[in-house]
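Let me begin by presenting the structure, written as structure tokens, before commenting on it.
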Amino acid sequence: MRMRRKGHLFERLDDCSEHILVVEDYDFYKKPPKERINILDLQKAFGNSNPIHMEIGSGKGGFIYEMATKNPDVNFIAVEKISNVILSLAERLKEKPLKNLRIINCGAENLLCYIKPHVLEKIYLNFSCPYPKKGYKNHRLTNERFLTIYKQILVDKGEIHQKTDNQILFEYSIETFSQNGFKLRNVSLDLHNSEFEGNIMTEYEKMFSDKGLPIYRLEAFL
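Under our numbering, the first residue of the sequence shown carries the number 1060, and numbering increases by one thereafter.
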């Protein structure tokens, strides 16, 4: 079921503008390619040169907010396509600001319009939509077209950490990572019953775990 649009959405996002680096407007895809480019100065945005981690598909932002709270010497970027969803994190940051967390409201396919090459140390893909129909597999965030983008914005030896409840997506991801030059480690078929330490749960992760579903996790690196 589609989420009802929140009242005064863009006015409320504008009120949180100091925490938001990009709000992609509805006319983005109508612009000529050169006019879509708006490369961000992330060192200026954060006021330092600390390592940068990014979560793609941040949803309401519970995971990345906690990560930023626990890791003040790392800068975090929450990427979420749906403005209606990311507003929750934006207003949380307005109420309880974190200097090391910023938001990009855009589609993952457009990240090269905003991010310089080889600046991210880690990318988190948490419970991305599995797009189960084969005809929609190019929308999966571990499809080759997205991995090509990640390889350009990750540093040498950069990492991607993925968690999902969907076995088909997980198996698909293992295949596409392997076919696109990534190596894998810390592959878990049941994260919550493994010896992995330091896991921070997302909203979806808690929901799926409470239902008794296994959580799949891997780390892919260049």
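Glycine is no exception: its CB is placed at the ideal position from the N, C-alpha and C atoms.
The stretch 1097-1113 makes no contact with the stretch 1143-1156: fewer than 3 CB pairs, one atom from each, lie closer than 8 Å. The Cβ neighbour count for M1126, taken over all protein chains shown within 10 Å, is at least 16; the residue is labelled buried. Separation of the CB atoms of G1217 and L1277 is rounded to 15 Å, and the pair is thereby denied contact status at 8 Å. For the set A1104, G1066, K1181, S1232, the Cα lying nearest the Cα of V1081 is the one of A1104.
Taking C-alpha positions only, D1086 is separated from E1139 by approximately 17 Å. One alpha carbon belongs to E1262, the other to Y1088, and they sit about 31 Å apart.
With 16 or more other Cβ atoms inside 10 Å of its own Cβ, T1223 counts as buried. The beta-carbon separation of S1268 and F1255, rounded to 14 Å, does not stay under the 8 Å limit for a contact. Of the residues assessed, S1237 falls on the exposed side of the cut-off, its CB having fewer than 16 other CB atoms within 10 angstroms. For S1147, there is no enclosing beta strand (DSSP E); the enclosing alpha helix (DSSP H) has its first and last residue at 1142-1154. V1178 and K1210 have their alpha carbons spaced roughly 11 Å apart. In terms of Cβ geometry, I1208 and L1170 form a close pair [threshold 8 Å]. Looking at V1214, Q1226, C1172, the one whose alpha-carbon comes closest to that of S1187 is Q1226.
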